[in-house]
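In what follows, a single structure is set out as structure tokens and then discussed.
Residue numbers (the working numbering), protein chains in the order written: chain A, 32 to 417; chain B, 32 to 417.
This is the structure we're talking about:
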């Protein structure tokens, strides 16, 4: 096991009816800014639940946080915070609203000249942030129990990630009933997102001895694969929604990464597809992962084989067949929840690849658990996915 | 899944050489009281590592915290804290030192008249506590990442548990190398203690649907059963010690209990055996658990069977055989690490049972996940273990 430091102070408030609990989590003397996306929380009653819970608090609102939240939007929220002396933020929505709220909380107290520096330095320069909590309505990103986020600068088509020990939510409410009104497409995206989060902290060279982390990673994948058919068929199955929501949270709260290697290259390549061509985050992951596993098959053989056995019950006698069948099973799983896995499915072609490979070459990034996924490998991966 | 609230702010600092990190976790302006047990940390070099790390801090010492720490000893530490204006506590040792430090931290800031009230009210009246951290040297109790403790009043032979959201360690260092010098008996006790902690949060009626918590409980048990032979044969196998240490922490940090039922009756009955007859905590658990499972076999059938399959690979066609074989396998596992499982092994007999049953009858406790383990059932369980 590698040495590690793990701390996660976020209080999880889980279950039906638990939104009411936020009243006692936010000091009644606070001036609260509630941040959300579009109007869906008004249509499905979550807005009313939150407002009802906070009837004794002073609450202002900031709506219009978009998917893949924009830097420019975040700065507008910061202006509002400063103008109205806001001292507590409440994110109500999915991972995008959460990510934006974390960044806004940091920018609101940032002492540097240029808030973009926070993203350039991946959050290492966040010394303090406004306190914030969350009501999560979309199981997917794990943002409700981690300290990271991803922000897009619309003007330059850049998408950058940050994290800081100062940007954990103080609390997050996870009420499975808030997912009942989600479009199926968001459920399927959430399943793929959580699945790939686990894979990126599990499917490495596998030289460490850390059975507890491996078992937990496999457990989350099992829950996702087991619940997927119900999730895609029944919007109101409480137990299925609860298991999905809890699994998605633990897929990316830092725990399964303790003491093991990680390979976030699927996310890093995928982010470019979103930034340049506007694909959904989960779509980019579903495209990239099978290509990455194919290109890195030898290095990742042990763990690919283990995933095939434990999650998809694949037991080929020939090792190469075991690896190929497992990669196929992962891709089929993405298809089973309705997410397409080729660039051409989204109207992209060989020309679309060039600017992505160029970006990797310019930045000279060395990704993967061995630092051997560079521009050439990115090119190879993307070509397999045409 | 049942509704739940989960929060665990303890920062885990895991791995060899990590004791040096405590210097940056404790404000250098603090006046620190280091609490420990006997002289073992001086013999094995841990004392020197801690003192070396804190060479720029002002550190006082309080030694002599006994196994099953005494209320009377804790009050002496509180006197010292008040006399010297101590503002940070550092526990160095096993679960007993940790438990005592939590209680001492609470008593030092307790506003009530009588500190014993904290135990009578199980910690619900702890409004604040001194900050404290830990260097854990004995994997067993999980006290390094939870907010609970057990204190014994020597004068009245009472042993009572408490917990509070105000008594989590701020940090805990888990360095597997600190376990190299432990006597084998403490390793075997630790294995049994961690095993039973998991069972008490897992082996209930099993009507909930919470696969992630169940998988994690089973994962911890698998790690304990897999590592036990190495732990009992090789004092210096780093990976084995690391896996054991990490598993023991997660066996009792509150997580596997989220959203599921619990049955702590093995601990509650066992505590009386320690309070009245001085048995090691783990010995009492090894005695009680097989009897409890036999008496509650019908109610717990589903989960006993599941544990047999997943942990001991028992697959009997006859259900009763499945249950009996599983209970036997658990008892054999305790024997395999050298812990005896009958009252007579410890010089106790039928007369020894009476005062325990009397205590349960007086208190009118209704234990177990269905509240149906009372004095008569305690009597039945203990008679099976003569």
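Every residue gets a Cβ at the ideal spot worked out from N, C-alpha and C, and that includes glycine.
If you're wondering where the values come from, they're calculated on a predicted model, not measured in any experiment.
Minimum Cα-Cα distance from residue 198(A) among the listed residues 231(A), 47(A) and 158(A) corresponds to 158(A). Contact annotation: the segment 167–177 of chain B touches the segment 263–283 of chain B, with at least three C-beta pairs closer than 8 Å. No residue range can be given for residue 199(A), since it is assigned to no alpha helix (DSSP H) and is classified by DSSP as neither H nor E. With contacts defined by Cβ atoms closer than 7 Å, residue 393(A) and residue 236(A) do not form a contacting pair.
According to the DSSP assignment, residue 35(A) belongs to the beta strand (DSSP E) that extends over 35–45.
Judged by DSSP secondary structure, residue 194(A) falls within the beta strand (DSSP E) whose first and last residues are 189–194. Counting only unbroken stretches of 4 or more residues, the alpha helix (DSSP H) elements lying wholly within the segment 328–414 of chain A are 332–343, 350–367 and 381–394, in sequence order.
The contact set of residue 254(B) on chain A, defined by CB atoms closer than 7 Å, consists of 242 and 243 in chain order. In its chain, beyond the 5 residues on either side, 64, 66, 132, 135, 136, 161 and 163 have a beta carbon closer than 7 Å to the beta carbon of residue 120(B). Cβ neighbours of residue 323(A) within its own chain (closer than 7 Å, five residues either side excluded): 296, 297 and 412. Nearest CB-CB separation between residue 57(B) and chain A: not below the 7 Å threshold. In the three-state scheme derived from DSSP, where H, G and I count as helix and E and B as strand, residue 117(A) is classed as coil. Contacts with chain B at 7 Å (Cβ-Cβ) do not include residue 286(A).
Collapsing the DSSP output to three states places residue 152(B) in coil.
Interface flag for residue 277(A) against chain B is set, since a Cβ pair is found closer than 7 Å. Buried is the label assigned to residue 190(B), since at least 16 other Cβ atoms lie within 10 Å of its Cβ. Annotation for residue 182(A): no alpha helix (DSSP H) segment contains it, though the beta strand (DSSP E) segment containing it runs 179–184. In the DSSP annotation of this structure, the continuous segment of the alpha helix (DSSP H) that includes residue 227(A) starts and ends at 215–231.
Excluding the 5 residues flanking it on each side, residue 124(B) has same chain C-beta neighbours closer than 6 Å at 67, 68 and 168, in chain order. With the criterion set as a beta carbon lying under 9 Å from some beta carbon of chain A, the members of the segment 35–56 of chain B are 35, 36, 37, 38, 39, 40, 41, 42, 43, 44, 45, 46, 47, 48, 49 and 52, in sequence order.
Close partners of residue 246(B) in chain A (Cβ separation under 9 Å): 246, 247, 249, 250, 251, 253 and 254. Among the residues facing chain B, residue 32(A) is included, as its CB has a counterpart in that chain under 7 Å away. Identification of residues in the segment 151–174 of chain A having a C-beta nearer than 7 Å to some C-beta of chain B yields an empty set.
Under the three-state reduction of DSSP output, residue 122(B) falls in the strand class. Annotation: residue 200(B) to residue 350(B) spans about 44 Å, alpha carbon to alpha carbon. In this structure residue 335(A) touches residue 354(A) by the C-beta definition: roughly 5 Å separates them, less than 8 Å. Burial state of residue 60(A) is exposed, judged by a 10 Å Cβ sphere holding fewer than 16 other Cβ atoms. As for any beta strand (DSSP E) of minimum length 3 sitting wholly inside the segment 265–298 of chain A, there is none. The CB of residue 317(A) never comes closer than 7 Å to any CB in chain B; the least such distance is about 23 Å. Contacts with chain B at 7 Å (Cβ-Cβ) do not include residue 313(A). Within the segment 289–306 of chain A, 289 and 290 place their CB atoms closer than 9 Å to a CB of chain B, listed in sequence order. For residue 56(A), the enclosing alpha helix (DSSP H) starts and ends at 53–56. For residue 313(B) against residue 223(B), the beta-carbon gap comes to about 4 Å, under 8 Å, which counts as contact. In this structure, DSSP gives residue 139(A) a helical state, which the three-state scheme calls helix. Closest by C-alpha distance to residue 103(B), out of 72(B), 416(B) and 146(B), is 146(B). Within the same chain, 229 and 342 come within 6 Å of residue 252(A) by CB-CB distance, once the 5 residues on both sides are set aside.
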